[in-house]
Amino acid sequence: MNPNMDAVDEIVDGWRRAMPSEDVEPMGVFSRIGRLAQRFDALRRNALAAHGLQLGDFDVLAAIRRSPEGALTAGALAKENLVTSGTMTSRVDRLAARGLVGRSADPDDARIVRVRLRPEGRRIVDAAFVELLRIEHELLGAVRAEDRPQLVDRLRELLLRIEA
Numbered sequence: 116m117n118p119n120m121d122a123v124d125e126i127v128d129g130w131r132r133a134m135p136s137e138d139v140e141p142m143g144v145f146s147r148i149g150r151l152a153q154r155f156d157a158l159r160r161n162a163l164a165a166h167g168l169q170l171g172d173f174d175v176l177a178a179i180r181r182s183p184e185g186a187l188t189a190g191a192l193a194k195e196n197l198v199t200s201g202t203m204t205s206r207v208d209r210l211a212a213r214g215l216v217g218r219s220a221d222p223d224d225a226r227i228v229r230v231r232l233r234p235e236g237r238r239i240v241d242a243a244f245v246e247l248l249r250i251e252h253e254l255l256g257a258v259r260a261e262d263r264p265q266l267v268d269r270l271r272e273l274l275l276r277i278e279a
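Per my numbering, the sequence shown starts with residue 116, numbered consecutively.
See the structure below:
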């Protein structure tokens, strides 16, 4: 294989030969995005496992950590993490059992339960976040600094279109 070509180039070239009447250009973009997502997901899972976290656990802890109030309802967590309320309840239960989060009644409405980080939860999410950033910086080192803003802009455009 040519050192300037990747596996996607071979796949795209194969489809060009197999179906010359079709424009296969989008495959070059979306196949790479898919492969990057798979590889990055595996790196993230391994980095989080080193901190005793699953990806879903980190997502819950990170959402709370970023929250200006330092707490979120289970419903808000489910919405932010794009999961069902049942899935979120399981995640919060698991994290609470480990002492990483605590639940408390909302001061304005006792029917609402807020989920907060406990000190150990904050320590773990912060350490895991720093590790993820280290990995992301290392991976992004393959892209010139002056090209990164344009890359971000193009990816944002694609994401906005897909999420619309």
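All residues carry an ideal CB built from backbone N, CA and C; glycine is no exception. Nothing here was measured: the structure is a model prediction, and the numbers come from that model.
Would you identify the three-state DSSP class for residue i, choosing helix, strand or coil?
i    : result
G217 : strand
V267 : helix
R259 : coil
L197 : coil
Q169 : coil
Quick check on residue i: buried or exposed, where buried means 16 or more other Cβ atoms within 10 Å of its Cβ?
i    : result
H252 : exposed
D172 : buried
A177 : buried
G149 : exposed
I179 : buried
L281 : Outside the shown range of the chain (116 to 279) lies residue 281, about which nothing can therefore be said.
A243 : buried
L274 : exposed
G236 : buried
V127 : buried
Using the C-alpha atoms, what's the distance from residue j back to residue i?
i    : j    : result
V175 : L163 : 13 Å
R249 : R226 : 41 Å
R233 : L187 : 13 Å
D124 : V198 : 35 Å
E278 : L270 : 12 Å
V139 : A122 : 15 Å
Q265 : P222 : 45 Å
L170 : L255 : 21 Å
A288 : N196 : Not covered by the structure: residue 288. The range shown for the chain is 116 to 279.
R131 : A152 : 24 Å
Between which residues of its own chain and residue i is the CB-CB distance below 8 Å, once the five residues before and five after are set aside?
i    : result
I239 : H166, G167, L168, L176, L215
R209 : D172
V258 : L266
Leaving out the 5 sequence neighbours to the left and right, which residues in its chain are closer than 7 Å to residue i when beta-carbon positions are compared?
i    : result
A189 : S200, M203, T204, V207, V228, V230
So who's on the other strand from residue i, going by DSSP bridges?
i    : result
R229 : T188, S219
Taking 6 Å as the limit between beta carbons, can you name the residues of its chain near residue i, skipping five residues before and five after?
i    : result
G217 : R231, R233
S219 : R229
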